[in-house]
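Peer 1:
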Amino acid sequence: MALLQALLAVATLSASTAFVTPVARVAPPPRIQRNAIDALAAAPEAHAALTTALGSSDVLLAFADQGGNLAGKFFMGSLPPYVLFLYFLNYEKNNAPPLVRFGFAYLLLFVLATIPTGIISKTTWGVSLADADWLHGGAEALLTVTNVLLLLGFRGALKGDAEASDAEWARLGAAAAAVAATILIATGVPVFHFEAHDAFLGGLGATGWGSSIEPVNALSVPTWAVHFSSVCEFVLAMRLATVYAARTGDERWNGVAWGMLPSHASGVCACTYHLFYNQAALAWLVTAQAGLTLLGNTTLFIAALRLALGNGWTFQEALPSFAGGPAKDDDAPSYALNAAAIDVADDLTPGPLLIGEIVLFTIFAAYLTKYGSLLALPVLTSPNSILAGLVVAAPPAAVALTVLPKPDLSLPDFANVSYDDVKKYGVSGTIAYVLTELAFWAIAFPVAAGLFAQANGHAPDLINSGADRAAVAAAVFAGANVARLAVPLRFGVALAAAPWVDENI
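Counting in the numbering used here, the sequence shown runs from 95 upward without gaps.
(1) If you draw a straight line from the C-alpha of residue 209 to the C-alpha of residue 170, how long is it?
(2) Looking only at its own chain, which residues have a Cβ that is under 8 Å from the Cβ of residue 404, when we skip the five neighbours before and after it?
(3) Could you say which of 305, 361 and 396 lies nearest to residue 329 if we only look at CA atoms?
(4) Could you tell me the distance, in whole angstroms, from the CA atom of residue 267 to the CA atom of residue 550?
(5) Grouping DSSP H, G and I as helix and E and B as strand, with all else coil, what is residue 368?
(6) Can at least three beta-carbon pairs, one atom from the segment 250 to 269 and one from the segment 311 to 330, be found at a separation below 8 Å?
(7) Unbroken alpha helix (DSSP H) runs of length 4 or more, entirely within the segment 308 to 348: which are they?
(8) Closest to residue 406 by C-alpha separation, out of 289, 172, 183 and 358, would be which residue?
(9) Classify residue 139: buried if its beta carbon has 16 or more other beta carbons within 10 angstroms, exposed otherwise.
(10) Mapping the DSSP letters down to three states, classify residue 545 as helix, strand or coil.
(11) Starting from the C-beta of residue 188, find all residues in its chain whose C-beta is less than 7 Å away, skip the five residues before and the five after it, and write them out in chain order.
(12) If you drop the 5 nearest sequence neighbours on each side, which residues of the same chain put their C-beta closer than 7 Å to that of residue 392?
(13) By Cβ distance, which residues of its chain are closer than 7 Å to residue 371, with the 5 residues on each side in sequence left out?
(14) Pull up the distance between the alpha-carbon of residue 277 and that of residue 199, whole angstroms please.
(15) At the level of alpha carbons, what is the spacing between residue 353 and residue 285?
(16) For residue 373, report the span of its alpha helix (DSSP H) as first-last.
(17) Give me the Cβ distance between residue 213 and residue 341, rounded to the nearest whole Å; I'm assuming they're in contact under 8 Å.
(18) Quick check on the DSSP output: the alpha helix (DSSP H) that includes residue 429 runs from which residue to which?
(19) Thinking C-beta only, is residue 332 closer than 7 Å to residue 194?
(20) Is residue 373 near the ligand COA, going by C-beta to nearest heavy atom under 6 Å?
(21) Helix or strand or just coil, what does DSSP make of residue 379?
(22) Does the beta-carbon distance from residue 378 to residue 538 come in below 7 Å?
(23) Would a C-beta distance cut-off of 7 Å place residue 460 and residue 315 closer than the cut-off?
(24) At what residues does the alpha helix (DSSP H) containing residue 230 begin and finish?
(25) Straight-line CA distance for residue 265 to residue 240?
(26) Helix, strand or coil for residue 167, going by three-state DSSP, please let me know.
(27) Grab me the residues of residue 258's own chain with a C-beta within less than 6 Å of its C-beta, minus the 5 sequence neighbours each way, in chain order.
(28) Find out if the Cβ-Cβ distance for the pair residue 356, residue 389 is shorter than 7 Å.
(29) Closest by CA to residue 487, which one among 541, 177 and 350?
(30) Can you tell me whether residue 227 is buried or exposed, with buried defined as 16 or more other CB within 10 angstroms of its CB?
(31) Looking at C-alpha atoms only, which residue of 283, 326 and 273 is the closest neighbour of residue 493?
(32) Assuming residue 359 and residue 490 are in contact, meaning their beta carbons sit under 8 Å apart, how far apart are those beta carbons, in whole angstroms?
(33) Need the endpoints of the alpha helix (DSSP H) that residue 451 sits in, please.
(34) Exposed or buried, residue 112, counting other C-beta atoms within 10 Å across all chains shown (16 or more means buried)?
(35) Distance check for residue 455 and residue 445, CA to CA, integer angstroms please.
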């Protein structure tokens with residue numbers, strides 16, 4: 095099974111950028127373009143910005159060309175850590191809820207769906223998957239199913255209900271969703287003759303207001319709804335992982351919750367890209383999303399590894415039986431939840447109320463984004479990297495501050511701290527310092543890329559353009575020199591983090 099998951103991942107995650115890759119020199123279909131441009135004549139600023147964004151893009155098309163740019167390399171690099179994450183998460187003594195394990199594996203179906211949908215959108219209409227609404231929404235719905243499975247698994251386990259944590263009806267529902275998505279993808283063009291910009295689910299719930307002025311690649315209400323429901327459910331799953339840590343007495347589950355944060359930020363990047371109508375000048379969001387996917391898969395792998403090691407996993411577990419590993423029965427069923435090891439949580443939000451809250455949030459957010467964005471059309475059709483960066487940063491920061499458990503960091507006197515103080519914590523101090531430096535570089539690169547895009551009107555081409563590479567490197571170098579002025583502060587942050595690293599890593 096692990097090998098099958100690995101093969102699926104290798105074949106699919108490399109294509110997942112089809113969701114967020116801008117269109118190269120592709121205009122909308124004539125009928126749709128004519129109607130939109132006639133209507134947009136009444137809004138000159140938005141018309142000019144839209145023409146620039148959708149008609150003059152020189153960024154590579156999705157799918158086949160992704161391997162040649164940085165985003166594609168990031169996505170492909172995220173394959174091994176995710177496969178390892180699935181392996182370690184499934185270690186029996188972790189007592190991970192079965193639907194949680196199934197849900198994370200089900201994510202591969204969502205990624206798998208991007209292959210045919212990306213091919214159809216490119217070869218049929220010459221647009222990226224992000225601009226083909228009915229295909230985009232249909233594939234994205236599988237991500238919503240993934241996150242629902244995570245919620246159901248955690249909630250069932252926290253109720254002490256082993257059967258609910260592995261509900262057969264949930265697995266059947268997930269299978270039905272996969273079948274429905276397959277039918278949609280297979281029949282949409284040859285049977286129903288859908289066009290590139292036809293709305294997912296027929297644009298269910300659309301009011302028609304503003305349809306004459308919005309860009310042709312604007313997401314429909316149903317497609318925005320599946321995006322927001324996915325984000326909401328994933329954040330709730332992060333919160334339940336922290337509750338699971340408290341109720342099982344295994345604080346390493348908090349590491350899993352923190353490990354999910356970059357994946358959440360990756361999804362926010364995609365939503366932000368869609369909010370700005372997938373403009374080529376904001377293609378750095380594609381790279382940021384890919385990089386955060388790689389980072390998120392890596393942090394999830396580390397979190398699952400810590401979880402497994404803390405629960406008794408040894409390297410011998412990974413060896414085949416003929417090489418000294420434990421005997422394995424391939425026909426044995428997956429392990430069931432040990433409900434007796436969980437302190438039942440009686441304060442969970444009742445199921446019907448939680449469903450109602452998710453549905454109301456999803457509908458409100460979808461309508462607000464769909465129609466509220468029309469009021470800011472001149473802004474959202476102009477490539478503003480600073481504004482886009484702020485939009486990307488806000489939700490993950492809010493989640494980190496309000497949802498995830500806070501490490502107990504006592505701040506030292508930054509003015510007098512040195513690396514010798516950090517070394518007093520031994521390996522923990524060194525790791526804390528390395529993490530502090532990695533955090534700096536993780537922030538420095540996207541900031542430099544964003545400033546470059548803002549100044550030059552296009553994302554840096556780090557693969558093919560030496561000038562772009564030099565400009566971004568110079569910006570990062572300048573930032574590094576400025577950061578040197580705050581070396582005591584960086585040592586202080588590392589020193590403050592060392593006790594938490596010692597306890598949790």
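Think of the CB as a built atom: it goes at the ideal place given N, C-alpha and C, for glycine as much as any other residue.
Peer 2: Reading off the structure:
(1) Locating residue 209 in the sequence shown gives position 115, counting from the first residue. Locating residue 170 in the sequence shown gives position 76, counting from the first residue. If I take the Cα positions, the gap works out to 14 Å.
(2) Indexing the sequence shown from 1 puts residue 404 at position 310. Taken in chain order, the residues that qualify are 344 and 346.
(3) The count along the sequence shown starts at 1 and reaches residue 329 at position 235. The shortest Cα separation from residue 329 among 305, 361 and 396 belongs to 361.
(4) Locating residue 267 in the sequence shown gives position 173, counting from the first residue. Locating residue 550 in the sequence shown gives position 456, counting from the first residue. Approximately 48 Å, taken between the alpha carbons.
(5) The residue labelled residue 368 in the question sits at position 274 within the sequence shown. Three-state result, residue 368: helix.
(6) no
(7) As far as the segment 308 to 348 is concerned, its whole alpha helix (DSSP H) runs of at least 4 residues are 315 to 342.
(8) As a working mapping, residue 406 is identified with position 312 in the sequence shown. When only C-alpha atoms are compared, the closest one is 183.
(9) In the sequence shown, the residue the question calls residue 139 occupies position 45. Confidence at residue 139 is low in this model, with a pLDDT of 44, below 50, so its placement is unreliable and no value can be given for it.
(10) Mapped onto the sequence shown, residue 545 falls at position 451. Here residue 545 sits in helix by DSSP.
(11) Sequence index remark: in the sequence shown, residue 188 carries index 94 (1-based). Counting only Cβ-Cβ distances below 7 Å, and skipping sequence neighbours, we find 401, 402 and 405.
(12) As a working mapping, residue 392 is identified with position 298 in the sequence shown. Excluding sequence positions up to five before and after residue 392, its CB lies within less than 7 Å of the CB of 175, all in the same chain and listed in chain order.
(13) Position 277 of the sequence shown holds residue 371. Same-chain partners within the cutoff: 147, 309, 311, 312, 474 and 475.
(14) Here residue 277 refers to the residue found at position 183 of the sequence shown. Here residue 199 refers to the residue found at position 105 of the sequence shown. Going from the Cα of residue 277 to the Cα of residue 199 covers about 21 Å.
(15) For the purposes of this step, residue 353 is taken as the residue at position 259 of the sequence shown. For the purposes of this step, residue 285 is taken as the residue at position 191 of the sequence shown. Answer to the nearest angstrom: the Cα atoms are 43 Å apart.
(16) Reading the sequence shown from its first residue, position 279 is the one you call residue 373. Unbroken run through residue 373: none, as it is neither H nor E.
(17) Position 119 of the sequence shown holds residue 213. Position 247 of the sequence shown holds residue 341. Actually they are not in contact, since the Cβ atoms of residue 213 and residue 341 sit about 45 Å apart, beyond 8 Å.
(18) Taking the sequence shown and counting its residues from 1, the one referred to as residue 429 is at position 335. Where residue 429 is concerned, there is no enclosing alpha helix (DSSP H), given that its DSSP letter is neither H nor E.
(19) Your numbering for residue 194 matches position 100 in the sequence shown. Your numbering for residue 332 matches position 238 in the sequence shown. Not a contact, by the Cβ cut-off of 7 Å.
(20) Although the ligand COA was asked about, the structure shown includes no ligands whatsoever.
(21) For this step, residue 379 is matched to residue 285 along the sequence shown. If DSSP states are grouped into helix, strand and coil, residue 379 belongs with the helices.
(22) Within the sequence shown, numbered from 1, the residue matching residue 378 stands at position 284. Within the sequence shown, numbered from 1, the residue matching residue 538 stands at position 444. No, these two residues do not count as a Cβ contact at 7 Å.
(23) On the sequence shown, position 366 is the one that residue 460 refers to. On the sequence shown, position 221 is the one that residue 315 refers to. Yes, the pair counts as a contact, with Cβ atoms nearer than the cut-off.
(24) Sequence index remark: in the sequence shown, residue 230 carries index 136 (1-based). Residues 227 to 252.
(25) Taking the first residue of the sequence shown as 1, we reach residue 265 at position 171. Taking the first residue of the sequence shown as 1, we reach residue 240 at position 146. About 10 Å.
(26) Counting from one through the sequence shown, the residue named residue 167 turns up at place 73. Residue state, collapsed to three classes: helix.
(27) Here the question's residue 258 lines up with position 164 in the sequence shown. Same-chain partners within the cutoff: 250.
(28) Within the sequence shown, the letter at position 262 stands for residue 356. Within the sequence shown, the letter at position 295 stands for residue 389. Residue 389 is positioned such that its CB atom lies closer than 7 Å to that of residue 356.
(29) Counted from its first residue, the sequence shown places residue 487 at position 393. Of 541, 177 and 350, the residue nearest in Cα terms is 541.
(30) Along the sequence shown, one-based indexing puts residue 227 at 133. Buried: at least 16 other Cβ atoms inside 10 Å.
(31) Position 399 of the sequence shown holds residue 493. Ranking the options by Cα distance to residue 493, first place goes to 326.
(32) One-based indexing of the sequence shown puts residue 359 at position 265. One-based indexing of the sequence shown puts residue 490 at position 396. At roughly 4 Å, the Cβ-Cβ gap stays under 8 Å, so residue 359 and residue 490 are in contact.
(33) Reading the sequence shown from its first residue, position 357 is the one you call residue 451. Its alpha helix (DSSP H) spans residues 445 to 469.
(34) As a position in the sequence shown, residue 112 is number 18, starting the count at 1. Unreliable placement is indicated for residue 112, whose pLDDT of 38 sits below 50; the coordinate value is still reported in the next sentence. Buried.
(35) Reading the sequence shown from its first residue, position 351 is the one you call residue 445. Reading the sequence shown from its first residue, position 361 is the one you call residue 455. Taking the straight line joining both Cα atoms gives about 15 Å.
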